[in-house]
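Report on one structure; see the data block that follows.
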Amino acid sequence: MVSVAYSHRIICDYEFIDWLTKQGDKISLFSHLMHIKGSSEHWKKFHNLILKSELNGNALMDEKDLGAGFKIMPDPDFLSAHKNKITKNIIFAVDLADEKPFKCYILTSPENEKLYLENLHYKGVKSVIIVSEERARKVINEFFSAFCLARELSR
Amino acid sequence: MELALVYMGNEDTFITDFELTEDLMESYTSNDDIQFIDLNLKEKVEKLPVGTLLQVGKKIGSSITILSIKEVDDILISSFFK
Chain A
362 MVSVAYSHRI ICDYEFIDWL TKQGDKISLF SHLMHIKGSS EHWKKFHNLI
412 LKSELNGNAL MDEKDLGAGF KIMPDPDFLS AHKNKITKNI IFAVDLADEK
462 PFKCYILTSP ENEKLYLENL HYKGVKSVII VSEERARKVI NEFFSAFCLA
512 RELSR
Chain B
7 MELALVYMGN EDTFITDFEL TEDLMESYTS NDDIQFIDLN LKEKVEKLPV
57 GTLLQVGKKI GSSITILSIK EVDDILISSF FK
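In order, the protein sequence lines correspond to chains A and B. Under the working numbering, think of the first position of the first sequence as 362, with each following residue one higher. Under the working numbering, think of the first position of the second sequence as 7, with each following residue one higher.
Written out as C-alpha cells, the structure is:
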C-alpha cells in the first residue's frame, strides 16, 4: 500500500475551488489531490477536507466529483455558533491540528487569504497555515512528489 | 482496510468514492463480503500498478459486489469541471 505521512492536513474553501477551476493545470492539480487524499497514512480518504457549508448553494463542481479530491464534511456542532465562513474554517483547522500530523493548511484565494490573516481567531495560531495561488500549487505538488517517491519505493 | 462505503442502503448500482487498487484487493482478500461479479475484472484489477486510482461501481446487498472499475484518467477528471 502506498502510504505517506504528510506534514499537514488540507482544508480548502469555496474560493480555492473557484480558483482551481480556472487554472490551466487544474486536471493535474485535482489528480494530485486525489492521490494525496487516498494515500494519507494518518487520514486516508479524510486528509483533504471541505466543510459542507462551503458548498451550500454553490455548484462549481458536482459534489460527488469534488468528493474525489476533498472529503465533504458536515459542519461539526461546535461550529454552529459561528456564521462567518472564514472563522468556521479557522476553528475547524485548529481542531483538526489537535491530532496527527498536528498541522493544517487552509487553501484559499488571495483575497480570502488576507481575510484569514486578519481574522481575530487566527491571532497566535501556529498550527494552521493559510496558502493561496502559487503557494497552494507548491504544497499540492510537493505532497504529490512525496506520494510518487513512496510509490516508487513500493515497486 | 475496508472499502469506503459512501452510500449505504439498498440502492442498486452507483459509483462510489475513488479507491486505490491496493485498497480494493486488500479489501477483497480480507473481506468475504466483497465479490467480483466477473473474474476477468478481478484479474484486470490485480494487474494494475500500485497507486492506480479507480472509479468503482458496486452493488450493496448482503455482500458488496464489484460491478465495474475504471482507471481514473485526465478525461474523467476533466469531466468534473463544468
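C-beta: ideal position from N, C-alpha, C; glycine also.
(message) Could you tell me which whole alpha helix (DSSP H) segments of length 4 or greater appear in the region 377–440 of chain A?
(response) 387–400 and 424–427
(request) Measure from the alpha carbon of Lys449(A) to the alpha carbon of each residue in Asn480(A), Asn419(A), Met422(A) and Ala420(A), then state which is nearest. (result) Mapped onto the first sequence, residue 449(A) falls at position 88. Closest option to Lys449(A), Cα to Cα, is Asn480(A).
(message) Please report whether the beta-carbon of Val455(A) lies at a distance below 8 Å from any beta-carbon of chain B.
(response) The sequence position of residue 455(A) within the first sequence is 94, counting from 1. No - not a single Cβ of chain B is within 8 Å of the one on Val455(A).
(request) Find out if the Cβ-Cβ distance for the pair Ile372(A), Cys465(A) is shorter than 8 Å. (result) Counting from one through the first sequence, the residue named residue 372(A) turns up at place 11. Counting from one through the first sequence, the residue named residue 465(A) turns up at place 104. Less than 8 Å divides the Cβ of Ile372(A) from the Cβ of Cys465(A).
(message) Does Asn417(A) pass the burial test, meaning 16 or more other C-beta atoms within 10 Å, or should it be called exposed?
(response) Counted from its first residue, the first sequence places residue 417(A) at position 56. Exposed.
(message) Which residue marks the beginning of the alpha helix (DSSP H) containing Arg516(A), and which one marks its end?
(response) Translated into positions along the first sequence, residue 516(A) becomes position 155. Taken as a continuous stretch (DSSP letters only), Arg516(A) belongs to no alpha helix (DSSP H), as it is neither H nor E.
(request) Check the C-beta distance from Ala402(A) over to Val455(A) and give it rounded, since I have them as a contact under 8 Å. (result) Numbered from its first residue, the first sequence carries residue 402(A) at position 41. Numbered from its first residue, the first sequence carries residue 455(A) at position 94. Looking at the sequence itself, residue 402(A) is Glu, so the reference to Ala does not match. With 8 Å as the limit, Glu402(A) and Val455(A) do not qualify as a contact, their Cβ atoms being about 22 Å apart.
(request) Just the chain B side, please: which residues come within less than 7 Å of Ile388(A) by C-beta, in chain order? (result) Stepping through the first sequence from its first residue, residue 388(A) is reached at position 27. Simply Asp80, Ile83 and Ser84.
(message) Along the region 42–66 of chain B, where does the CB come closer than 9 Å to a CB of chain A? Name the residues.
(response) Pro55, Val56, Gly57, Leu59 and Gln61
(message) I'd like to know if the region 405–417 of chain A and the region 56–66 of chain B are in contact, where contact means that at least 3 CB-CB pairs between them fall below 8 Å.
(response) no
(request) Going by DSSP, name the residue or residues bridged to Ser493(A). (result) On the first sequence, residue 493(A) is found 132 positions in, with the first residue counted as 1. In DSSP, Ser493(A) forms a bridge with Thr469(A).
(message) Helix, strand or coil for Phe504(A)? Go by DSSP, reduced to three states.
(response) Reading the first sequence from its first residue, position 143 is the one you call residue 504(A). Phe504(A) carries a helical assignment under DSSP once its states are collapsed to helix, strand and coil.
(request) State yes or no: is the beta carbon of Ser392(A) nearer than 8 Å to at least one beta carbon in chain B? (result) Here residue 392(A) corresponds to residue number 31 of the first sequence, with the count starting at 1. Yes - at least one Cβ of chain B is within 8 Å of the one on Ser392(A).
(request) Taking the CB atoms as reference points, tell me whether Phe377(A) and Leu468(A) lie closer together than 8 Å. (result) In the first sequence, counting from the first residue as 1, residue 377(A) sits at position 16. In the first sequence, counting from the first residue as 1, residue 468(A) sits at position 107. Yes.
(request) Take the Cβ of Ser414(A) as the centre, count every other Cβ of all protein chains shown within 10 Å, and call the residue buried at 16 or more, exposed below. (result) The residue labelled residue 414(A) in the question sits at position 53 within the first sequence. Per the 10 Å Cβ criterion, buried.
(request) Look at Gly67(B) and Val363(A) and say whether their C-beta atoms are less than 8 Å apart. (result) Within the second sequence, residue 67(B) is the residue found at index 61, counting from 1. Within the first sequence, residue 363(A) is the residue found at index 2, counting from 1. Cβ atoms of Gly67(B) and Val363(A): not closer than 8 Å.
(message) Helix, strand or coil for Phe453(A)? Go by DSSP, reduced to three states.
(response) Residue numbering aside, residue 453(A) sits at position 92 when the first sequence is read from its first letter. Residue state, collapsed to three classes: helix.
(request) Return the first residue and the last residue of the alpha helix (DSSP H) that Ile83(B) is part of. (result) Within the second sequence, residue 83(B) is the residue found at index 77, counting from 1. First-last of the alpha helix (DSSP H) with Ile83(B): Asp80 to Ser84.
(message) Quick check on DSSP: helix, strand or coil for Val56(B)?
(response) Taking the second sequence and counting its residues from 1, the one referred to as residue 56(B) is at position 50. DSSP places Val56(B) in coil when its eight states are reduced to three.
(request) Under 8 Å by Cβ, that's how I've got Leu421(A) and Asp379(A) pegged, so tell me the actual separation to the nearest angstrom. (result) Position 60 of the first sequence holds residue 421(A). Position 18 of the first sequence holds residue 379(A). That pair is a contact at about 6 Å.
(request) My understanding is that His393(A) touches Asn502(A), with C-beta atoms under 8 Å, so please give their C-beta distance in whole angstroms. (result) Walking along the first sequence from the start, residue 393(A) turns up at place 32. Walking along the first sequence from the start, residue 502(A) turns up at place 141. Indeed they touch by this definition, with Cβ atoms about 7 Å apart.
(request) Report yes if the CB atom of Ile83(B) is closer than 8 Å to the CB atom of Ile433(A), and no otherwise. (result) Mapped onto the second sequence, residue 83(B) falls at position 77. Mapped onto the first sequence, residue 433(A) falls at position 72. No, Cβ-Cβ distance for Ile83(B) and Ile433(A) is not below 8 Å.
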